[in-house]
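First the structure, in the form of structure tokens, and then the observations on it.
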């Protein structure tokens, strides 16, 4: 049971991170910056640590 619940949370986190990456890329395009200027790893790290932001 725990493993299946953990998998559900991991899949949701990955989906949320993909949405965030899409938003970041679109925002960068809109402001005239290179969409690849922020690395995927940086976005993923932000997503992992965003819960610590107050």
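Numbering (our numbering), first residue to last: 2 to 55.
Every residue, glycine too, gets a C-beta built ideally from N, C-alpha and C.
Small disclaimer: the values here were computed from a predicted structure and weren't measured.
Go ahead and pull the three-state DSSP assignment for residue i.
i	result
residue 31	helix
residue 3	helix
residue 54	coil
I think residue i touches residue j, with their Cβ atoms under 8 Å apart; what is that distance to the nearest whole Å?
i	j	result
residue 20	residue 44	Not quite, the Cβ-Cβ distance comes to about 11 Å (not below 8 Å), so this is no contact.
residue 41	residue 15	About 12 Å separates the two Cβ atoms, so there is no contact after all.
Kindly indicate the opening and closing residues of the alpha helix (DSSP H) around residue i.
i	result
residue 42	41 to 50
At a cut-off of 7 Å, would you count residue i as near the ligand SAM, judging by its Cβ distance to the nearest heavy atom?
i	result
residue 50	As presented, the structure is devoid of all ligands, the ligand SAM included, so that no description of it is given.
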